[in-house]
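Worksheet for the structure shown next.
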């Protein structure tokens with residue numbers, strides 16, 4: 002039998018790179034927050050941040066085939082990562098406004114990291130402290 006130290010606190014889901022599947026990410030984050038005993042305000046902020054992160058990743062010149070979403074509870078709070086898995090196709094889309102995405106996320110979450118390359122944004126990570134501190 003595993004003890005609590007051997008059990009991972011991470012939840013992970015992979016969704017198709019289609020905005021219709023953003024609801025799956027929101028549901029996973031809501032479930033993770035409930036398990037992590039986060040309050041309702043945190044859950045609402047994470048749902049909004051999730052939508053914004055997915056929208057940003059989908060609106061890049063480099064086309065994503067799918068998006069990995071990982072949420073992990075640490076003693077300090079929840080860390081969420083959205084990673085676009087690249088398709089070999091380049092879209093004819095303009096990059097979404099990364100500064101606007103950052104501004105929206107930073108109104109909800111104190112620490113945001115956005116990674117990009119010549120194909121656009123491919124990873125968004127954020128940290129939201131828990132309410133136990």
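In the numbering used here, the protein residues as written are 2 to 134. Heads up, the beta-carbon is just placed ideally off N, CA and C, and yes, glycines get one too. Model, not experiment: these values are computed from the prediction.
Cβ-Cβ distance between residue i and residue j below 7 Å
{"i": "residue 51", "j": "residue 26", "result": "yes"}
{"i": "residue 127", "j": "residue 110", "result": "yes"}
{"i": "residue 29", "j": "residue 43", "result": "no"}
{"i": "residue 17", "j": "residue 67", "result": "yes"}
C-beta neighbour in chain B for residue i, strict 7 Å
{"i": "residue 70", "result": "This model lacks chain B altogether, as it is built from one protein chain only."}
Closest Cα partner of residue i within the set the options
{"i": "residue 100", "options": "71, 120 and 57", "result": "57"}
{"i": "residue 10", "options": "72, 98 and 103", "result": "72"}
{"i": "residue 54", "options": "45, 64 and 83", "result": "83"}
{"i": "residue 123", "options": "69, 76 and 108", "result": "69"}
{"i": "residue 116", "options": "77, 19 and 61", "result": "61"}
{"i": "residue 120", "options": "44, 45 and 64", "result": "64"}
{"i": "residue 38", "options": "98, 77, 24 and 108", "result": "77"}
{"i": "residue 24", "options": "40, 41 and 49", "result": "49"}
{"i": "residue 112", "options": "98, 130 and 118", "result": "130"}
{"i": "residue 31", "options": "98, 79, 19 and 21", "result": "79"}
DSSP bridge partner residues for residue i (one or two, in chain order)
{"i": "residue 13", "result": "71"}
{"i": "residue 86", "result": "67"}
{"i": "residue 78", "result": "130"}
{"i": "residue 112", "result": "128"}
{"i": "residue 118", "result": "121"}
For residue j and residue i, believed in contact at Cβ under 8 Å, the rounded distance
{"i": "residue 47", "j": "residue 81", "result": "7 Å"}
{"i": "residue 33", "j": "residue 12", "result": "4 Å"}
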